[in-house]
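Number of protein chains: 2
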Amino acid sequence: MSKQSQQKPTSTDQNGVSVIQIQAHSSTSNSTGATAGLQQVPQLVPVSPGGGGKATPPSKMKKTIADKDSDEYRQRRERNNLAVKKSRMRSKQKALDTQQRVNELKEENERLEAKIKLLSKELSVLKDLFLEHAHNLADNVQPPTAAITAGDLCNNNNSGSNNGSQ
Amino acid sequence: MSKQSQQKPTSTDQNGVSVIQIQAHSSTSNSTGATAGLQQVPQLVPVSPGGGGKATPPSKMKKTIADKDSDEYRQRRERNNLAVKKSRMRSKQKALDTQQRVNELKEENERLEAKIKLLSKELSVLKDLFLEHAHNLADNVQPPTAAITAGDLCNNNNSGSNNGSQ
DNA sequence: GGGCATTGCGCAATTC
DNA sequence: TGAATTGCGCAATGCC
Numbered sequence: 001m002s003k004q005s006q007q008k009p010t011s012t013d014q015n016g017v018s019v020i021q022i023q024a025h026s027s028t029s030n031s032t033g034a035t036a037g038l039q040q041v042p043q044l045v046p047v048s049p050g051g052g053g054k055a056t057p058p059s060k061m062k063k064t065i066a067d068k069d070s071d072e073y074r075q076r077r078e079r080n081n082l083a084v085k086k087s088r089m090r091s092k093q094k095a096l097d098t099q100q101r102v103n104e105l106k107e108e109n110e111r112l113e114a115k116i117k118l119l120s121k122e123l124s125v126l127k128d129l130f131l132e133h134a135h136n137l138a139d140n141v142q143p144p145t146a147a148i149t150a151g152d153l154c155n156n157n158n159s160g161s162n163n164g165s166q
Numbered sequence: 001m002s003k004q005s006q007q008k009p010t011s012t013d014q015n016g017v018s019v020i021q022i023q024a025h026s027s028t029s030n031s032t033g034a035t036a037g038l039q040q041v042p043q044l045v046p047v048s049p050g051g052g053g054k055a056t057p058p059s060k061m062k063k064t065i066a067d068k069d070s071d072e073y074r075q076r077r078e079r080n081n082l083a084v085k086k087s088r089m090r091s092k093q094k095a096l097d098t099q100q101r102v103n104e105l106k107e108e109n110e111r112l113e114a115k116i117k118l119l120s121k122e123l124s125v126l127k128d129l130f131l132e133h134a135h136n137l138a139d140n141v142q143p144p145t146a147a148i149t150a151g152d153l154c155n156n157n158n159s160g161s162n163n164g165s166q
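Protein chains in written order, with full-length UniProt numbering: chain A, 1 to 166; chain B, 1 to 166.
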């Protein structure tokens, strides 16, 4: 129905642009999404020194304004608006995903750390056992077959220092 | 090329408010870059159904239009624009930080996993040593003090199976 | 050069 | 009452 954009370019002077925009909007008494639709009026490019000075630049601006009411323009705008919306949705989703990932990684980290703790404890127990046994051997008899000595166990560096091997 | 046809779902409708805006600005060239300075034309508040039928709300619209060129309005806008910019910068920074955090956590994860691997290996070696020793003992002599048996070592489940604990 | 995707920005409504 | 957020449209720009 009523196509409202039938406005003429309405002037376009050197410094500063004059644009007339007519807004005809439906209220549609929206309840939830009350985001009012609004239009924007462009300003071409921030060119044109207002302080009047030299001559008018090559002024590339010809239609720029004129095709505001063009059908094609409107279509392009609509398409872009759609694209923008899409892009923003994606961006937002990505941010959410990233946050989610942080949480997951944090959980995983805790799990791993718990496991490390467990393994360390196991290791420690085993070493103690070993040492104890070694002492017993030293106290009572001489190694029957010579298998384990305390030195074999104590040079393990599990204090986080990474060896260059492999 | 896809769907666009002639639909204009949002904005641009009938009945509503008409706003005329005249632009004559020498736009102080924006900050960085050449982001064109543009103005927007508002739409007032979607109030008062032009169709006029029944209950016309207590027309709340007072100036709304008039104060577009008000000094105070301009100041408010400027302040808000600043706030918006700030907010967006923060938001962006936060997103960046989150991403960074993901990377850090990933690294940490790898480190932890490597450590687990190392510990597991150590444990495995110790256990083997233990078993060997136990065999030796069994072959040659009877346990002098009775300290270690194979059973003590073999019930450790470090085969990656996750126990249900927490 | 056309077309979608991104991005910076301003406006207005809403939240705090 | 004012700052902070948020949704949205416009235009410039990036990228096929």
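Where a beta carbon is used, it is the ideal one built from N, C-alpha and C, also for glycine.
Beta carbon of residue i nearer than 8 angstroms to that of residue j
i: B/L123; j: A/L123; result: yes
i: B/E113; j: A/L112; result: yes
i: B/E108; j: A/N109; result: yes
i: B/L126; j: A/L126; result: yes
Chain A contact for residue i (CB, 8 angstroms cutoff)
i: B/S124; result: no
i: B/K115; result: yes
i: B/K106; result: yes
i: B/R90; result: no
i: B/S120; result: yes
i: B/Q75; result: no
i: B/S31; result: Only weak support exists for where B/S31 lies, its pLDDT of 32 falling under 50; the value from the coordinates is given anyway. No - not a single Cβ of chain A is within 8 angstroms of the one on B/S31.
CB contact check: residue i to chain B, cutoff 8 angstroms
i: A/L96; result: no
i: A/N80; result: no
i: A/S70; result: no
i: A/V102; result: yes
i: A/Q93; result: no
i: A/P58; result: Interpretation of A/P58 is limited by its pLDDT of 39, a score under 50 that renders its predicted location unreliable; the figure taken from the coordinates is listed afterwards. It does not; no Cβ of chain B falls within 8 angstroms.
Burial state of residue i (16 or more Cβ within 10 Å)
i: A/H133; result: buried
i: B/K86; result: exposed
i: A/E78; result: buried
i: A/K92; result: exposed
i: B/K115; result: buried
i: B/K121; result: exposed
8 angstroms contact criterion, which residue i and residue j should meet: CB distance rounded
i: B/A95; j: A/A83; result: Contact flag wrong, Cβ pair sits at about 20 angstroms.
i: B/Q99; j: A/T98; result: 6 angstroms
Notebook entry, point to check: Mind listing which residues of the stretch 126-137 of chain B have their C-beta closer than 9 angstroms to chain A's C-betas, in chain order?
Noted result: Contact annotation: in the stretch 126-137 of chain B, residues whose CB is within less than 9 angstroms of a CB in chain A are L126, K127, L129, F130, E132, H133, N136 and L137.
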